[in-house]
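Undergrad: Protein chains in written order, with the working numbering: chain B, 447 to 823; chain A, 74 to 150.
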Amino acid sequence: MENKSKYHRYQRQILLKEFGVVAQEKLLKAKVLVIGAGGLGCPTLQYLAAAGVGTIGIVDFDVVEISNLQRQILFSVEDIGKPKAKVAAEKLKAFNPEILIQTFNTKLQGDNALKIISDYDVVIDGSDNFPTRYLVSDACVLLNKPLVYGSVFRFEGQVSVFNFGEDKARTNYRDMFPVTPSPDEVQDCNEAGVIGTLPGIIGTMQANETIKIITGIGKALSNKLLTYGALENSFYEVEVFPREKSNLHLPKSKEEFLSTNYEWLCNRDAAEVKEISTEEFERMLDENNILVIDVRNDGELPELIDISHLKIPLHRLKENIPLIEEHMKVVVFCQSGIRSVKAAGLIFEATQHENIFNLKGGIIAWKKHQDRNMVPA
Amino acid sequence: MEVNILAFGQIADITAKREWQIHDVRNTIEIRKKLEEEFPLLRSMSYMIAVNKKIISEDVQLEEHSTVALLPPFSGG
């Protein structure tokens, strides 16, 4: 009886002659780990649960916010403030009670990554930052796990499959980008924005690649990087080759992996810079000796209103370090507090001024702070 | 010699165009140099280069109408 209902649920895909009962049983036996239950993770999780992947792990330490709902389609208004991993698990269980969902309501990092990942057959990277992407890629190389990579930027997305296929030809993230970029180079979704359908498309492609890897049907996107452009509906595929340089940066052993600080590699300047919370910023505003600098590019929204400030985009900052009087406190901010770390570092380098602060969470956090503290009229 | 350039993601933000031709370049080192002279912001960016849809890890000689794609990593999810 149980089997019959299982097969009934999956009947449409079992009908496919390339698929059949054999592929279905492979899916039901498979264990897949999805890192990040965000824009990419939500559609990936839904399709894997729907297809009948027997065990699905979800790693996410974040909680649902209203600005997530534009693209993170597992969540509703009533979920705001709740942990994403837990909410996603509940939705998926309701959706397909026949599969097992495991949740890790934690940040994936050096000390837990190998342990969590080693239990699964295939890993999906739906994270939203470089430290995690390099961490996951290196861990999957060490553990020899296929990794389905996806990432998005505004209207463009990338998909690839790592550590899969013939042993000698296997490639990973570092064969494309050997070393971690610095934080001022690249903006994330908070900073750059993203069209909601795009992670839907890329996440669904990741689910599709995962199904192919598990069942052995079709040809996985290994040793290839596919870029999708939503504005032109364009696909551009390039071949990736194993490269020596990527090997130089790969941790060679579990010990070396554990001693690699991925956060630091991607945020080299962060350690040196003093951060302030929005509360501290508000207190500082009451003093008169504060210089506020917006280091975002021209036209980035929202504007900072009611507080006098300078606008110096990060890429022009080096040549335009403002004059800072000795008694002044300097607060730099950007959209979400990533680029401003670099900016604070640059100003410090140029001036050796003691009181340079990065506004943690950027203007997004400041707007939230204002909304929270707004006195009703 | 004419070579086609394709820019993706943030690289296209910097170049303000996605597709164009450049002339008088023989290899990928010259391409990088020429692009970074025209767009100094590229100097501080990580991106990989694909020549005729193959990612390269060392200098590659170009041919007439080779297509050179400039691909930065995306981090969003």
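Ideal Cβ placement from N, Cα and C applies to all residues, glycine included.
Cβ of Ala80/A less than 7 Å from any chain B Cβ?
TA: Residue numbering aside, residue 80/A sits at position 7 when the second sequence is read from its first letter. No, no contact with chain B.
Undergrad: Would you mind reading off the limits of the alpha helix (DSSP H) that contains Ile810/B?
TA: In the first sequence, counting from the first residue as 1, residue 810/B sits at position 364. Segment Gly808 to Arg818, the alpha helix (DSSP H) holding Ile810/B.
Undergrad: Comparing C-alpha positions only, which one of Thr661/B, Asn669/B, Phe465/B and Asp752/B sits nearest to Val478/B?
TA: Counted from its first residue, the first sequence places residue 478/B at position 32. The shortest C-alpha separation from Val478/B is found at Thr661/B.
Undergrad: For a contact meaning CB atoms closer than 9 Å, what does Pro645/B contact in chain A?
TA: In the first sequence, counting from the first residue as 1, residue 645/B sits at position 199. Going along chain A in sequence order, the residues near Pro645/B (Cβ under 9 Å) are Gly149 and Gly150.
Undergrad: Check distances from the C-beta atoms of the region 114-129 of chain A to those of chain B and list, in chain order, the residues that come in under 8 Å.
TA: Answer set for the region 114-129 of chain A: Leu114, Ser117, Met118, Ser119, Met121, Ala123, Lys126, Lys127 and Ile128.
Undergrad: What are the start and end residues of the beta strand (DSSP E) that includes His695/B?
TA: Along the first sequence, read from residue 1 onward, the residue named residue 695/B stands at position 249. Segment Glu690 to His695 is the alpha helix (DSSP H) holding His695/B; no beta strand (DSSP E) there.
Undergrad: Listed from N- to C-terminal order along the chain, which residues in the region 681-702 of chain B have their beta-carbon within a distance smaller than 8 Å of any beta-carbon of chain A?
TA: Tyr682, Glu683, Val684, Glu685, Val686, Phe687, Arg689, Glu690 and Lys691
Undergrad: Tell me whether Ser117/A is buried or exposed, calling it buried when 16 or more other Cβ atoms sit within 10 Å of its Cβ.
TA: Working through the second sequence from its first residue, we reach residue 117/A at position 44. Exposed, because fewer than 16 other Cβ atoms sit within 10 Å of the Cβ of Ser117/A.
Undergrad: Check whether the Cβ of Thr490/B lies closer than 7 Å to any Cβ atom in chain A.
TA: One-based indexing of the first sequence puts residue 490/B at position 44. Output row for Thr490/B: interface = no.
Undergrad: Give the single residue among Phe608/B, Glu612/B, Leu694/B and Met820/B whose Cα lies nearest to the Cα of Tyr619/B.
TA: Position 173 of the first sequence, counting from 1, holds the residue named residue 619/B. When each option's Cα is compared against that of Tyr619/B, the closest is Phe608/B.
Undergrad: Does any C-beta atom of chain A lie closer than 7 Å to the C-beta of Val587/B?
TA: Here residue 587/B refers to the residue found at position 141 of the first sequence. With a threshold of 7 Å between beta carbons, Val587/B makes no contact with chain A.
Undergrad: Since Lys640/B and Arg517/B should fall inside the 8 Å C-beta cutoff, what is the C-beta to C-beta distance between them, to a whole number of angstroms?
TA: Within the first sequence, residue 640/B is the residue found at index 194, counting from 1. Within the first sequence, residue 517/B is the residue found at index 71, counting from 1. In the sequence as displayed, the identity of residue 640/B is Val instead of Lys. That pair is a contact at about 7 Å.
Undergrad: Is Pro592/B helix, strand or coil when you go by DSSP?
TA: Locating residue 592/B in the first sequence gives position 146, where the first residue counts as 1. If DSSP states are grouped into helix, strand and coil, Pro592/B belongs with coil.
Undergrad: Is it buried or exposed for Trp812/B, if we count other Cβ within 10 angstroms and need 16 for buried?
TA: Against the first sequence, residue 812/B aligns to sequence position 366. Buried, by the Cβ-count rule.
Undergrad: Please decide whether Gln604/B counts as near chain A, where near means a Cβ-Cβ distance under 7 Å.
TA: Sequence index remark: in the first sequence, residue 604/B carries index 158 (1-based). Judged by the 7 Å Cβ criterion, Gln604/B is in contact with chain A.
Undergrad: Verify whether the separation of the beta carbon atoms of Leu792/B and Lys764/B is less than 7 Å.
TA: As a first step, residue 792/B must be located in the first sequence, where it is residue number 346. As a first step, residue 764/B must be located in the first sequence, where it is residue number 318. Yes, Cβ-Cβ distance for Leu792/B and Lys764/B is below 7 Å.
Undergrad: List, in chain order, every chain A residue whose beta-carbon is nearer than 7 Å to that of Val640/B.
TA: Sequence index remark: in the first sequence, residue 640/B carries index 194 (1-based). Gly149, listed in chain order.
Undergrad: Identify, in the order they occur along the chain, each residue of the same chain with its Cβ nearer than 8 Å to the Cβ of Ile512/B, setting aside the five sequence neighbours on each side.
TA: Numbered from 1 along the first sequence, position 66 holds the residue referred to as residue 512/B. Val523 and Ile526.
Undergrad: Which runs of the alpha helix (DSSP H) at least 4 residues long sit entirely within the region 600-663 of chain B? Give them in chain order.
TA: 619-622, 635-638 and 643-661
Undergrad: Just confirm the distance between the C-beta atoms of Gly485/B and Pro645/B, as a whole number of angstroms; I'd bet it's less than 8 Å.
TA: Within the first sequence, the letter at position 39 stands for residue 485/B. Within the first sequence, the letter at position 199 stands for residue 645/B. With a Cβ gap of about 3 Å, Gly485/B and Pro645/B count as contacting.
Undergrad: Can you have a look at Asn819/B and say buried or exposed, based on whether 16 or more other CB atoms are within 10 angstroms of its CB?
TA: Start at 1 with the first residue of the first sequence, and residue 819/B comes out as number 373. By the 10 Å Cβ count, Asn819/B comes out exposed.
Undergrad: Once DSSP output is grouped into helix, strand and coil, what is the label at Asn766/B?
TA: Residue mapping note: residue 766/B aligns to position 320 of the first sequence, counting from 1. DSSP places Asn766/B in helix when its eight states are reduced to three.
Undergrad: Is the distance from the Cβ of Ile78/A to the Cβ of Val141/A below 7 Å?
TA: Numbered from its first residue, the second sequence carries residue 78/A at position 5. Numbered from its first residue, the second sequence carries residue 141/A at position 68. Yes, the Cβ-Cβ distance between Ile78/A and Val141/A is below 7 Å.
Undergrad: With Thr656/B and Val594/B assumed to form a contact (beta carbons below 8 Å), what rounded beta-carbon distance in angstroms separates them?
TA: Residue mapping note: residue 656/B aligns to position 210 of the first sequence, counting from 1. Residue mapping note: residue 594/B aligns to position 148 of the first sequence, counting from 1. Contact flag correct, Cβ pair sits at about 5 Å.
Undergrad: Could you tell me whether any Cβ in chain A is nearer than 7 Å to the Cβ of Gly503/B?
TA: Translated into positions along the first sequence, residue 503/B becomes position 57. Closer than 7 Å: no.
Undergrad: Listing by chain order, which chain A residues have their CB less than 8 Å from the CB of Gly485/B?
TA: Within the first sequence, the letter at position 39 stands for residue 485/B. Residues of chain A passing the Cβ test: Gly149 and Gly150.
Undergrad: Within a Cβ cutoff of 8 Å, which residues of the same chain sit near Pro688/B, ignoring the five residues on either side of it in sequence?
TA: Here residue 688/B refers to the residue found at position 242 of the first sequence. Apart from the 5 residues on each side of it in sequence, Pro688/B sits with its Cβ closer than 8 Å to the Cβ of Lys614, Ala615, Arg616, Thr617 and Asp621 in its chain, given in chain order.
Undergrad: Determine, using beta carbons only, whether Gln781/B and Phe147/A come nearer to each other than 7 Å.
TA: One-based indexing of the first sequence puts residue 781/B at position 335. One-based indexing of the second sequence puts residue 147/A at position 74. Taking 7 Å as the Cβ cut-off, Gln781/B and Phe147/A do not qualify as a contacting pair.
Undergrad: Step through the CB atoms of chain A and report whether any lies within less than 7 Å of the CB of Gly482/B.
TA: If you number the first sequence from 1, residue 482/B lands on position 36. So yes, Gly482/B belongs to the interface.
Undergrad: Let me make sure I understand the geometry here. Which of Ala496/B, Gly556/B, Ala531/B and Thr549/B has the alpha-carbon closest to that of Pro543/B?
TA: In the first sequence, counting from the first residue as 1, residue 543/B sits at position 97. Nearest of Ala496/B, Gly556/B, Ala531/B and Thr549/B to Pro543/B, Cα basis: Ala496/B.
Undergrad: Quick check: the Cα distance between Ile460/B and Gln470/B, rounded to an integer number of angstroms?
TA: Along the first sequence, one-based indexing puts residue 460/B at 14. Along the first sequence, one-based indexing puts residue 470/B at 24. If I take the Cα positions, the gap works out to 7 Å.
Undergrad: Tell me, please, whether the CB atom of Asn575/B is closer than 7 Å to any CB atom in chain A?
TA: Along the first sequence, one-based indexing puts residue 575/B at 129. Taking Cβ atoms only, chain A reaches closer than 7 Å to Asn575/B, which makes this a yes.
Undergrad: For Gln94/A, return the contacting residues in chain B, with the cut-off set at a CB-CB distance below 7 Å.
TA: Counting from 1 along the second sequence, the entry for residue 94/A is found at position 21. Ordered by position in chain B, no residue passes the 7 Å Cβ test against Gln94/A, which lies about 17 Å from the chain.
Undergrad: Mapping DSSP to helix, strand and coil, what is Glu92/A?
TA: Taking the first residue of the second sequence as 1, we reach residue 92/A at position 19. Residue state, collapsed to three classes: strand.
Undergrad: Which whole-angstrom value is the C-beta distance of Ser573/B and Ile502/B, which I expect to be below 8 Å?
TA: The sequence position of residue 573/B within the first sequence is 127, counting from 1. The sequence position of residue 502/B within the first sequence is 56, counting from 1. Not really, about 16 Å apart at Cβ, beyond 8 Å.
Undergrad: Over the uninterrupted beta strand (DSSP E) stretch that includes Asp571/B, give me the two end residues.
TA: Taking the first residue of the first sequence as 1, we reach residue 571/B at position 125. Val568 to Asp571 is the span of the beta strand (DSSP E), which, as asked, contains Asp571/B.
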